[in-house]
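To convert, take the position in the sequence shown, counting from 1, and add 120; that gives the working numbering. Virtual Cβ for every residue (Gly too), placed ideally from N, Cα, C. Below is one structure, written out as structure tokens; comments come after it.
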Amino acid sequence: MSERRRGNGTGLPATAKIPFGGDYNPEQWPEEVWTDDYRLFDAAGIDTVTLGVFTWALTQPAPDVYDFSTLDRIVGRAGAEGRSICLATGTGAHPPWLARAFPEVTRTDFEGRRHRYGQRHNSCPSSPAFRRLSTEVARRIAARYAGNSAVVAWHVGNEYGGACYCDLCAAGFRTWLRRRYGTLDALNAAWYTTFWSHTFTAWEEIEPPSALTEHWRGPNHTAFQGITLDYLRFMSDAMLANFRDEKAAIRESSDLPVTTNFMGMYRPIDYHRWAAHLDFVSWDNYPPDDRSPAWMALAHDLMRGSADGQPFWLMEQTPSYTASRDVNPLKRPGVMRLWSWQAVAHGADSVLFFQMRASRGACEKYHGAVIGHAGRADTRVFREVAALGAELARLGGAVLGARTPARVALLFDWDSWWALEISDGPSRLVRYQQVVLAYHRALWDAGADVDVVGVTAELSRYDVVVAPALHMLKGDLPQRLEAVAARGGSVVTTFLSGRVDEHDNAFLMDVPGPLAPLMGIRIDEWDAREPAVVNPVRLTAGTDEVEVGSRLVFELVIPQGAEVVGTYRADFYAGTPAVTRHTFGAGHGWYVAAGLDQEGVSWVVRRILDQHDLLGPYPDVPELETAVRVAPDGSRLRFLLNHGAQPVTVPAHRAGSDLLSGDGVEHGQPITLDPYGVMVLRERG
Ligand code: GLA
Ligand code: ZN
Numbered sequence: 121m122s123e124r125r126r127g128n129g130t131g132l133p134a135t136a137k138i139p140f141g142g143d144y145n146p147e148q149w150p151e152e153v154w155t156d157d158y159r160l161f162d163a164a165g166i167d168t169v170t171l172g173v174f175t176w177a178l179t180q181p182a183p184d185v186y187d188f189s190t191l192d193r194i195v196g197r198a199g200a201e202g203r204s205i206c207l208a209t210g211t212g213a214h215p216p217w218l219a220r221a222f223p224e225v226t227r228t229d230f231e232g233r234r235h236r237y238g239q240r241h242n243s244c245p246s247s248p249a250f251r252r253l254s255t256e257v258a259r260r261i262a263a264r265y266a267g268n269s270a271v272v273a274w275h276v277g278n279e280y281g282g283a284c285y286c287d288l289c290a291a292g293f294r295t296w297l298r299r300r301y302g303t304l305d306a307l308n309a310a311w312y313t314t315f316w317s318h319t320f321t322a323w324e325e326i327e328p329p330s331a332l333t334e335h336w337r338g339p340n341h342t343a344f345q346g347i348t349l350d351y352l353r354f355m356s357d358a359m360l361a362n363f364r365d366e367k368a369a370i371r372e373s374s375d376l377p378v379t380t381n382f383m384g385m386y387r388p389i390d391y392h393r394w395a396a397h398l399d400f401v402s403w404d405n406y407p408p409d410d411r412s413p414a415w416m417a418l419a420h421d422l423m424r425g426s427a428d429g430q431p432f433w434l435m436e437q438t439p440s441y442t443a444s445r446d447v448n449p450l451k452r453p454g455v456m457r458l459w460s461w462q463a464v465a466h467g468a469d470s471v472l473f474f475q476m477r478a479s480r481g482a483c484e485k486y487h488g489a490v491i492g493h494a495g496r497a498d499t500r501v502f503r504e505v506a507a508l509g510a511e512l513a514r515l516g517g518a519v520l521g522a523r524t525p526a527r528v529a530l531l532f533d534w535d536s537w538w539a540l541e542i543s544d545g546p547s548r549l550v551r552y553q554q555v556v557l558a559y560h561r562a563l564w565d566a567g568a569d570v571d572v573v574g575v576t577a578e579l580s581r582y583d584v585v586v587a588p589a590l591h592m593l594k595g596d597l598p599q600r601l602e603a604v605a606a607r608g609g610s611v612v613t614t615f616l617s618g619r620v621d622e623h624d625n626a627f628l629m630d631v632p633g634p635l636a637p638l639m640g641i642r643i644d645e646w647d648a649r650e651p652a653v654v655n656p657v658r659l660t661a662g663t664d665e666v667e668v669g670s671r672l673v674f675e676l677v678i679p680q681g682a683e684v685v686g687t688y689r690a691d692f693y694a695g696t697p698a699v700t701r702h703t704f705g706a707g708h709g710w711y712v713a714a715g716l717d718q719e720g721v722s723w724v725v726r727r728i729l730d731q732h733d734l735l736g737p738y739p740d741v742p743e744l745e746t747a748v749r750v751a752p753d754g755s756r757l758r759f760l761l762n763h764g765a766q767p768v769t770v771p772a773h774r775a776g777s778d779l780l781s782g783d784g785v786e787h788g789q790p791i792t793l794d795p796y797g798v799m800v801l802r803e804r805g
């Protein structure tokens, strides 16, 4: 069966409203309890359940035994209760018998230790036994339940990730390399193996880069970046092949949409290479701490960008707390609702939780759940979930399929992320995510809608393209960035950009390599210092002048036509450029040569947004986030999200009505958002 897209044209499951619910694992408790579960689901407006995520040992209890009796009852009950089902293949954790029968299915770690049975997300992606049997169980599940009208989507595996360094993966790596390079000559050139006498004369000589081979200290310290980079690419592709195996098996009997749950900014998996193989993107939102609206905004924008701007599903979030961190803070009253709406504001067409009912034992027994161990409906968390369920029911289908009308793109590139962080020099302290986050935060604070996209994305629809730490330049990207500026757009890039080609070999030209014509500069040398060392940078535009800090990396810039916007204030390079702007065609190339602090990044970004009239309506109201989605019927929905613990009052930007309260507002009328409050204004005119 071909890769067919669903009737709504988006690849997403066809639903009448935003699906609300999440992971439900009733195989873990007695069937009598299911009745309570559904009673509580009714009370909370739960209409969608993800079933079977960890059921492999249940559906295939022995090598030659498939037993769907329990899953039949679970799926049957959900259907009978009128719920939509996102049905998993259950291959995120393999059963103990599988590891015993086929020791190859367990992974070998970075230190070379062959693991024995344990944990989850634990299968060697190259194991023929794993590939065959995971595909077979997916095939059987799809064949069995494809005709069930309650099933709306397939959920393959779970949170693919990690890495394996076993001999099967080594063989898979060699096959992958043969396909990529064709000849050992090409591979030796790409990996620069003349250095340290590494010239390979047979494919069998190539080993996975690990603690036993090229690495010391850990996965980021490698003698050969080219080898390590290719292994990262290979591992991501190897797990993608696992996903594709199962998807193909599902396609034999169903053309319903297939997804797997991504994890946002997750380094081991290149989601840009994966997303094209999913019918729709979904992801699990577990921010690093309880003050993460900027981080989440970036992650949502990245997930939507990976889906080529289509809406995505929010597959998991905790209603209250996680269990996996050392310290697991509780979401404050209103925060679960606020963060759910933030996801929708950034393109989510579902609001799903992990999990519906708390597990009684094992490592997630203290993980938050809609229904706790006592099974009560009168808890704060349950009440908040139920209130959100009612709100989503009132909203109906107004948001479904709505697109983000962004005119700003931020380039995100897994290859650059990997190359930057496995590099020896200039500084181990530069973290790709932090650089990207600073630039995204500046855009987000200013109220711009941003598409976070891969480096092959179509750039012609954007006025501003921001490319933080674009370490690696591939293909025709420099020309496409030049085209953005030539037609009047602005392109921004930073220190450590334009350094290496796709093999992580330096360009034999001035830094920033092929970006130099657009930026109108050359980097002569660079300095890296401990975080305590701050070099003040004076930023000037007309009468507007500020002094901000910069840290970690300081590139020394020699303008080649660019004008100077900011200068270093300290050290032997005091007075030399730290920020430049180059006129290129009808637009500009901006270069930020140092690790400016947030204030400095925001200053630069706001100047650019302002020039393109892209500042949001409330750029100076801290904690107030706005985001826009345009529905398929053309209506413009502006989400207002108050991340602060104080109420916020602002004048309405346009006349419209709040889809949550039903209240109308006139242009300029003061509107007040409660602490953690949300409005979804359908704007008129
Ligand atoms: C992940 C997994 C779930 C569960 C949650 C807990 O997202 O997919 O199975 O472990 O984390 O936060
Ligand atoms: Zn392996």
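With residue i and residue j assumed to form a contact (beta carbons below 8 angstroms), what rounded beta-carbon distance in angstroms separates them?
i    : j    : result
E147 : I194 : 6 angstroms
A772 : W564 : That belief does not hold up - the Cβ atoms of A772 and W564 are roughly 21 angstroms apart, past 8 angstroms.
Y312 : G346 : 6 angstroms
V673 : P790 : Incorrect: roughly 45 angstroms between the Cβ atoms, too far for contact.
R477 : D691 : With a Cβ gap of about 59 angstroms, R477 and D691 do not count as contacting.
C286 : R234 : 7 angstroms
V620 : H591 : 6 angstroms
Y186 : T179 : 6 angstroms
Relative to the alpha-carbon of residue i, which residue among the options has its alpha-carbon at the smallest distance?
i    : options                : result
R433 : L178, T442, Q462       : Residue identity check: residue 433 is Trp in the sequence provided, not Arg. Selected option, being the one with the closest Cα: Q462.
A213 : F250, V519, P377, D229 : F250
Y814 : G640, F627, I389, I347 : The displayed coordinates of the chain run from 121 to 805. Any statement about residue 814 would go beyond what the structure contains.
E622 : L307, I261, D287, C244 : L307
L304 : W316, E325, C289, Y285 : E325
A482 : Y186, A589, D421, Q239 : Q239
T792 : E803, S781, P767       : P767
W806 : M416, Y351, M423       : As displayed, the chain neither begins before 121 nor continues past 805, which places residue 806 out of reach and without an answer.
A751 : D583, L616, G516, R619 : G516
T295 : D535, E327, A266       : E327
G618 : D596, V604, A606       : D596
A489 : V447, A518, Y441, D498 : Y441
D730 : P656, F222, E231, D583 : D583
D143 : R159, V153, D167       : D167
T380 : N278, R411, W323, A322 : N278
R117 : A396, F502, H335, A765 : The structure shown does not extend to residue 117, since the chain spans only 121 to 805, so no value can be given for it.
A497 : V748, R802, F161       : F161
A290 : H318, S317, R227       : R227
V653 : R701, A714, Y237       : A714
V447 : D409, P439, L376       : D409
S722 : P223, V556, D783, H763 : V556
Residue i bridges to which residues according to DSSP?
i    : result
M592 : V620
P133 : Per DSSP, none; premise fails for P133.
D287 : None, per the DSSP bridge assignment.
H708 : S610, T703
R523 : V750
F473 : G142
Y796 : For Y796, which the question treats as bridged, DSSP gives no partner whatsoever.
W646 : E675
T660 : E665
A468 : F432
A626 : V620
R234 : T228
R79  : Outside the shown range of the chain (121 to 805) lies residue 79, about which nothing can therefore be said.
A273 : C206
Would you say residue i reaches chain B, if we count a Cβ-Cβ gap shorter than 9 angstroms as a contact?
i    : result
G764 : Protein chain content of the structure displayed is limited to a single chain, and chain B is not contained in it.
Item to check | Sequence-ordered residues whose beta carbon comes within less than 7 angstroms of a heavy atom of the ligand ZN | outcome: R227, T228, C244, P245, S246, S247, C284, Y285, C286, L288, C289
Checklist entry - Touch check for the region 269-278 and the region 133-142: three-plus C-beta pairs under 8 angstroms? => result yes
Next on the checklist: Three or more C-beta pairs under 8 angstroms: does that hold for the region 735-744 against the region 697-710?
Outcome noted: Not touching, per the Cβ criterion.
Item to check | At least three beta-carbon pairs within less than 8 angstroms, the region 422-433 to the region 453-470 | outcome: yes
Checklist entry - At a cut of 8 angstroms, does the region 338-352 reach the region 519-531 through at least three beta carbon pairs? => result no
Checklist entry - Between the region 404-414 and the region 357-376, do at least 3 Cβ pairs fall closer than 8 angstroms? => result no
Checklist entry - Hey, is the region 608-625 in contact with the region 700-709, meaning 3+ C-beta pairs nearer than 8 angstroms? => result yes
Item to check | Stretch pair the region 596-610 + the region 570-584: three plus CB contacts closer than 8 angstroms | outcome: Taking 8 angstroms as the limit for Cβ pairs, the verdict is that the region 570-584 does touch the region 596-610.
Checklist entry - Taking contact to mean at least 3 C-beta pairs separated by less than 8 angstroms, is the region 241-256 in contact with the region 358-367? => result For the pair of segments examined, the region 241-256 was found to touch the region 358-367: the number of CB pairs separated by less than 8 angstroms reaches three.
Next on the checklist: With a threshold of 8 angstroms, are at least 3 pairs of Cβ atoms found where one atom belongs to the region 629-649 and the other to the region 664-682?
Outcome noted: As far as the Cβ criterion goes, the region 629-649 touches the region 664-682, which means the pair count is three or higher.
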